[in-house]
Amino acid sequence: GAGRASRQDDGQEARRKPPTSAPVLELRGLRKSFGEHEVLRGIDLTVHRHEVICVIGASGSGKSTLLKTVNLLEGIDDGEVLLQGTDIADPRTDVDATRARIGVVFQQFNLFPHMSVLDNVTLASRRVHGIGRAEAEATAKRLLDRIGLADFAGAYPDRLSGGQQQRVAIVRAIASDPELLLLDEVTSALDPMLVGEVLDLVTELKRQGSTILMTTHEMSFARNVADRIVFLHRGEVVEQGAPADVLDRPTHPALVEFLARVH
Ligand code: ADP
Ligand code: MG
13 GAGRASRQDD GQEARRKPPT SAPVLELRGL RKSFGEHEVL RGIDLTVHRH
63 EVICVIGASG SGKSTLLKTV NLLEGIDDGE VLLQGTDIAD PRTDVDATRA
113 RIGVVFQQFN LFPHMSVLDN VTLASRRVHG IGRAEAEATA KRLLDRIGLA
163 DFAGAYPDRL SGGQQQRVAI VRAIASDPEL LLLDEVTSAL DPMLVGEVLD
213 LVTELKRQGS TILMTTHEMS FARNVADRIV FLHRGEVVEQ GAPADVLDRP
263 THPALVEFLA RVH
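Read left to right, the sequence shown gives residues 13 to 275 (UniProt numbering).
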């Protein structure tokens, strides 16, 4: 009856809109070492709903490791990783259920080469979220249409340019409506010509309200799109703030030096 239908609606809403006002992601005192090498040295970082945070920093500063700890690809040695207020670094956390709430795209090799574009996009929705084939494919086709790649639904990834593959990887990551999107240098492996189309898609996702934690070397993109830029130096957040403050009025010497090299 009507009561049951409305309860189901409530469930849907609850999935989309978290019931608490807790930040989507909060890192507290995060520490991670590989052997003797402490790669993350007490990271505090908060990502609120609808925010786009760009993490910048030199190669080796710990950016990828930071994102991997959030997706539970790397364990941590100390601190907390709170996703909607729940500590996912707690060993009792259901790793698969947590990962299902987060969309991830890396620098390269994101798509399964032996599966069609459509199957790539629907895989997680169907296997992880238990969404039926018809519904998953309808969503996937709508997303592919939005990025102008509907005609490639039946093609294998190697038919697509690098930029097209990354855009498919990004729509695959958002197909199951994750609470948080992690993007690790998603344009670094692309020809310069193809970078813009991928960053335009990220900009579009921000406009639609996605919450995104990303690493990038594209400073003009970070300036124009990020709500906040976080500068990581040797495993520590040494400066963060609005793009204009971080990029135009850097105070930490390491940031001054970094910006001189990337500009
Ligand atoms: P970034 O993404 O900023 O370039 P990374 O997070 O990839 O930095 O790496 C930070 C440091 O951690 C580097 O010195 C790197 O060599 C080291 N590191 C990363 N992953 C591992 C690993 N699995 N084992 C040992 N050292 C690692
Ligand atoms: Mg990296």
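Note that beta-carbon positions come from the ideal geometry of N, C-alpha and C, so glycine has one too.
Query, Result
"Indicate, with yes or no, if ligand 1 has a heavy atom lying under 8 Å from the CB of Thr-227.", "yes"
"In the DSSP assignment, what residue or residues form a beta bridge with residue 7?", "Residue 7 is absent from the structure shown; the chain starts at 13 and stops at 275."
"Ignore the nearest five residues each way along the sequence and tell me which others in Lys-80's own chain have a CB closer than 7 Å to its CB.", "Glu-86"
"Just list the beta strand (DSSP E) runs in the stretch 169-228, keeping only unbroken ones of 3 residues or longer that don't cross its boundaries, in chain order.", "192-196, 224-227"
"Bridge partners for Ile-68 per DSSP, in chain order?", "Phe-243"
"Restricting to Cα atoms, I'd like to know which of Phe-124, Leu-271, Gly-74, His-62 is closest to Val-249.", "Gly-74"
"Could you work out which residue in Ala-201, Ala-266, Pro-265, Ala-272 is closest to Phe-118 when comparing CA atoms only?", "Ala-201"
"Once DSSP output is grouped into helix, strand and coil, what is the label at Ala-26?", "Reliability fails at Ala-26, whose pLDDT of 45 lies under 50, so the model's placement of it is uncertain and no value is given."
"So, at 8 Å on beta carbons, what are the nonlocal neighbours of Gln-177 in its own chain, with the 5 sequence-adjacent residues on each side left out?", "Asn-122, Leu-123, Pro-169"
"For Asp-99, which beta-bridge partners are listed by DSSP?", "Leu-94"
"Can you tell me where the alpha helix (DSSP H) with Val-82 in it begins and where it stops?", "75-82"
"With a threshold of 6 Å on Cβ separation, who are the neighbours of Thr-215 within its own chain once the five nearest residues in sequence on each side are excluded?", "Val-237"
"I want to know whether the stretch 219-228 touches the stretch 186-193 - three or more CB-CB distances under 8 Å.", "yes"
"Can you tell me which residues fall inside 6 Å of ligand 1, judged by beta-carbon distance to its nearest heavy atom, and keep chain order?", "Phe-46, Val-51, Gly-69, Ser-71, Gly-72, Ser-73, Gly-74, Lys-75, Ser-76, Thr-77"
"Using CA coordinates, which residue listed in Phe-46, Leu-42, Arg-138 is at the minimum distance from Leu-57?", "Leu-42"
"Residue 4: which of Arg-171, Leu-244, Arg-138 sits nearest, CA to CA?", "Residue 4 lies beyond the range of the chain shown here (13 to 275); nothing can be said about it."
"Under the criterion of a Cβ to heavy atom distance below 8 Å, does Glu-197 qualify as lining ligand 2?", "yes"
"When burial is assigned at 16 or more other CB atoms within 10 Å of the CB, is Phe-233 buried or exposed?", "buried"
"Look up Leu-52 in the DSSP assignment and give the residues it is bridged to.", "Lys-44"
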